[in-house]
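Chemist: Quick note on our numbering: the sequence shown kicks off at 6 and runs consecutively.
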Amino acid sequence: MDNFFMDAINKCQQGWRKVIATASIYGVPIPCFSTALAFYDGYRSKRLPANLIQAQRDYFGAHTYELLEKPGEWIHTNWTGHGGNVTASTYQH
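#1: Between which two residues does the alpha helix (DSSP H) harbouring R52 extend?
#2: Could you give the first and the last residue of the continuous alpha helix (DSSP H) run that contains V106?
#3: Have a look at N56, W21, V24, N8 and flag the residue whose alpha-carbon is nearest the alpha-carbon of E74.
#4: Count the other CB atoms, across all protein chains shown, that sit within 10 Å of the CB of D63; report buried if there are 16 or more and exposed otherwise.
#5: Which of the three DSSP states, helix, strand or coil, is assigned to W79?
#6: Just to confirm before moving on: does the CB-CB distance between H87 and T69 stay below 7 Å?
#7: Which one or two residues does DSSP pair with E71 in a beta bridge?
#8: Nearest to M6 by CA position, among D46, C37, F65, is which residue?
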């Protein structure tokens, strides 16, 4: 991110969060503000809990997942004990 924008966001971030929290408390919908903040939080974070989404996709569709400690190695877990080692191997990683 460009330093100009990073500095501007850092200066205003506390107020941005307070506006969203206050609007939420009073039931005022501000979807653009809250979505933009969620996007920013995702953008600035090196690692997020998306592993839960990968696990759910693997459970319901055998899509496989990648472990952080084994980059490039895609794994499928037989979550239920039924179905063997079936995976959706047509996906390209």
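Beta carbons: idealized from backbone N, C-alpha and C, even for Gly.
Modeler: On the basis of the supplied data:
#1: No alpha helix (DSSP H) holds R52; DSSP gives it neither H nor E.
#2: Outside the modelled stretch of the chain, which goes from 6 to 98, sits residue 106, for which no answer is possible.
#3: N56
#4: buried
#5: strand
#6: no
#7: W79
#8: D46
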